[in-house]
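Here the structure is laid out as structure tokens; the discussion comes afterwards.
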Amino acid sequence: MALIGSQYVIGNTIETARLLAVSRDSAVLRPLWLMGESNHWQFESVPNAWDAMERVQSGASPDLLLLDLPRGDADGLHILRWLRRLRPALPIILICHPDDVGKEQEALRLGAREYLVTPVDGLQLETAIRHYLSTGCEAVETDIASDDIELISDDIFFIGISPIMRKIRAQAALLAESNVPVLILGESGSGKDTIARLLHKLSVRSGFEFAKVNCAALPGDLLERELFGYEREDAAAPVRTKLGKLECCVKGTVLLDEITEMPMSVQASLLQVLQSQRYIRPGTTAAVEVDVRVLATSTINMEHAISKNRLRVDLYHRLSAYTIHVPSLRERKEELPLLSRHFMHQFAKHYGLSPRDFSPAFTEACQAYSWPGNLRELASVVKRYLMVGDKELSFEPSRQEEATQDAVSTSPRRVNSPASSLIQSRGGATGSDSLKSLVQSVKLEAERNVIAEALEKTGWNRKAAARLLKVSYRTLLYKIEQYQMKSTDSSSFPSPNGSRGKRTGFRDGRVD
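No gaps in the numbering here: position 412 of the sequence shown is 416 in the numbering used here, and each next residue is one more.
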């Protein structure tokens with residue numbers, strides 16, 4: 005797609021550029037009409053921003069929108085947020101009064117591409133229009149090519165072609181309007197982190213910082229400092245101050261990953277923040293006021309967490325007023341083809357390779373698999389397929405990359421994976437493969453026994469067991485999930501429809 009003069013050229017078709025102007029000022033509209041006539045642009049004007057939104061909602065498809073913001077008009081600025089949701093790729097040029105120049109940063113944050121101050125130079129305005137028409141048409145082409153893929157950042161995306169994910173997308177859009185906390189529940193790897201980032205992106209806080217704090221990765225004292233900061237006497241300086249995430253993310257969003265791993269004392273401090281938007285920084289008596297939205301995730305059954313004193317009841321009530329249940333990948337298998345293709349193109353671009361087409365056998369095996377590792381496991385499978393294709397797919401692809409260098413063996417196990425389904429469809433393994441399987445099963449059984457013994461010795465204290473085994477905490481969690489190990493008092497996480505899955509190993513996962 006290209007822009008020649010005033011027209012889009014798409015293949016052999018020529019389309020005239022369409023402009024929508026929002027203004028009552030003839031001093032602004034008259035030059036625009038003249039530009040439209042000389043450039044053969046289709047030009048339309050409406051008197052206010054609300055009319056512009058109604059035009060877009062009713063099906064109008066302008067290639068560029070010019071918003072002439074009356075002096076002191078706040079509604080026109082806020083309408084940018086709604087237009088961005090209706091048409092994320094629509095270029096918007098904002099024209100404002102000199103007294104409103106302080107709103108430039110806010111306008112750009114809400115979605116304006118260009119900010120011009122009256123009186124506007126005609127050549128400058130025409131140059132800006134031509135520039136954004138040219139770049140805007142490329143954005144439209146990208147949207148058409150990936151209409152069901154919503155990019156949140158360079159490597160994070162949301163796909164919602166299944167009814168259940170469309171419902172979640174609508175939920176997120178609704179909740180983005182408020183500043184209330186949101187609890188996001190679901191299996192490990194199902195995309196809770198993505199939903200949290202989507203909420204942030206859709207909200208008015210999107211122009212400010214998003215910070216994620218893994219409650220399972222830090223001991224209680226370090227977690228408290230990470231969230232609330234501290235002040236202390238220091239030999240080098242009278243007072244050493246460190247700001248916490250809640251204070252640093254002013255007007256932004258903080259995601260508390262695995263909230264049930266947060267110590268009770270820290271939960272009490274967090275509850276105070278949610279109630280009063282203020283807290284006492286450790287090491288001082290002065291109150292710190294914060295303006296931040298709090299989101300929380302968990303893979304754990306909330307009732308079970310409360311009964312085991314892993315979550316305060318009052319904190320749960322404060323967080324759970326708005327809850328999003330993220331379905332597992334096996335509940336939305338219609339998204340597998342699109343997800344797989346998108347992962348393939350992402351990894352191909354990252355590694356500088358050409359994307360590989362999926363074989364029919366691979367596609368069939370993916371549909372038959374239950375995907376206990378959800379999106380994370382699918383990404384791992386696709387990455388491996390990019391590298392080796394159908395070769396060596398007898399190996400379990402689901403592993404955490406950061407665990408590969410640890411002392412506990414990360415050798416794959418034989419399970420009902422896409423790989424094993426593919427082998428069965430080809431008539432089984434060779435004698436050499438059978439010998440490998442025998443050796444492998446012995447190694448895996450020995451590894452499982454060692455882990456089980458360590459967990460028994462520590463009373464299923466996973467951090468203590470990791471220290472005993474001399475491996476990282478993440479590696480142990482991965483192995484517990486891999487072998488589907490569980491303590492006698494664990495319970496399964498309820499799915500969104502209320503049923504409970506048979507598999508429980510995911511509850512110990514920590515990465516979304």
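Glycine residues also receive a C-beta, built at the ideal position from the N, C-alpha and C atoms.
Counting only runs that start and end inside the region 62-136, the alpha helix (DSSP H) elements of at least 4 residues fall at 78-90, 108-114.
Residue environment: G63 is assigned as exposed (fewer than 16 neighbouring CB atoms within 10 Å of its CB, all protein chains considered). At least 9 angstroms separates the beta-carbon of V330 from that of G164.
In the DSSP annotation of this structure, the continuous segment of the beta strand (DSSP E) that includes T245 starts and ends at 244-246.
By the Cβ criterion, the region 312-319 is in contact with the region 256-271, since at least three pairs of Cβ atoms, one from each stretch, lie closer than 8 angstroms.
Our two residues, L319 and Q271, have alpha carbons roughly 7 angstroms apart in a direct line. Taking every protein chain shown into account, the CB of E381 has 16 or more other CB atoms within 10 angstroms, so this residue is buried.
Counting C-beta pairs with one atom in each stretch, the region 197-213 and the region 160-180 have three or more that are closer than 8 angstroms, which means they touch. Counting every other CB atom within 10 Å of its CB across the protein chains shown gives Q486 a total of 16 or more, marking it as buried. Around the CB of E335, 16 or more other CB atoms lie within 10 Å, so the residue is classed as buried. Judged by DSSP secondary structure, H329 falls within the beta strand (DSSP E) whose first and last residues are 327-329. DSSP places R388 in the helix class (H, G or I) of the three-state scheme. Membership of V32 in the alpha helix (DSSP H) is indicated by the continuous run 30-43. K490: not part of any alpha helix (DSSP H); DSSP gives it neither H nor E.
In this structure, L250 places its C-beta atom within 9 angstroms of the C-beta atom of V294. Around the beta carbon of M391, a 10 Å sphere encloses fewer than 16 other beta carbons of the protein chains shown; the residue is thus reported as exposed. N218 has D261 as its beta-bridge partners, per DSSP.
Between the alpha carbons of L94 and L226 lies a gap of roughly 44 angstroms. Between the region 20-28 and the region 67-74 there are three or more C-beta pairs closer than 8 angstroms, enough to call the two in contact.
For D72 against S27, the beta-carbon gap comes to about 3 angstroms, under 8 angstroms, which counts as contact. As computed with DSSP, Q46 is found in a beta bridge with R22.
In the DSSP assignment, A291 falls within the unbroken beta strand (DSSP E) covering 291-293. Remark: C-beta atoms of R201 and I172 do not approach each other more closely than 9 angstroms. Take the alpha-carbon of P51 and the one of E110: they are about 22 angstroms apart.
Going by C-alpha positions, W375 is about 16 angstroms away from R388. When DSSP states are grouped into helix, strand and coil, E485 belongs to the helix group. Spanning the alpha carbons of P92 and L357 requires a straight line of approximately 30 angstroms. DSSP, read as helix, strand or coil, puts F162 in strand. Around L84, the same chain offers I96, A111, L114, G115, A116 as residues with beta carbons nearer than 7 angstroms, after the five sequence neighbours per side are excluded. The DSSP-derived three-state label of I188 is strand. The Cβ atoms of F214 and K255 lie no closer than 9 angstroms to each other. Scanning its chain for C-beta atoms nearer than 6 angstroms, with the 5 sequence neighbours on each side dropped, one finds around S344 the residues V386, in chain order. Taking C-beta atoms as the reference points, I99 and V124 count as a pair closer than 9 angstroms. Bridge pairing for E154: F162 [DSSP]. Membership of L250 in the alpha helix (DSSP H) is indicated by the continuous run 249-252. Distance from the CA atom of L87 to the CA atom of K490, rounded to whole angstroms, is 49 angstroms.
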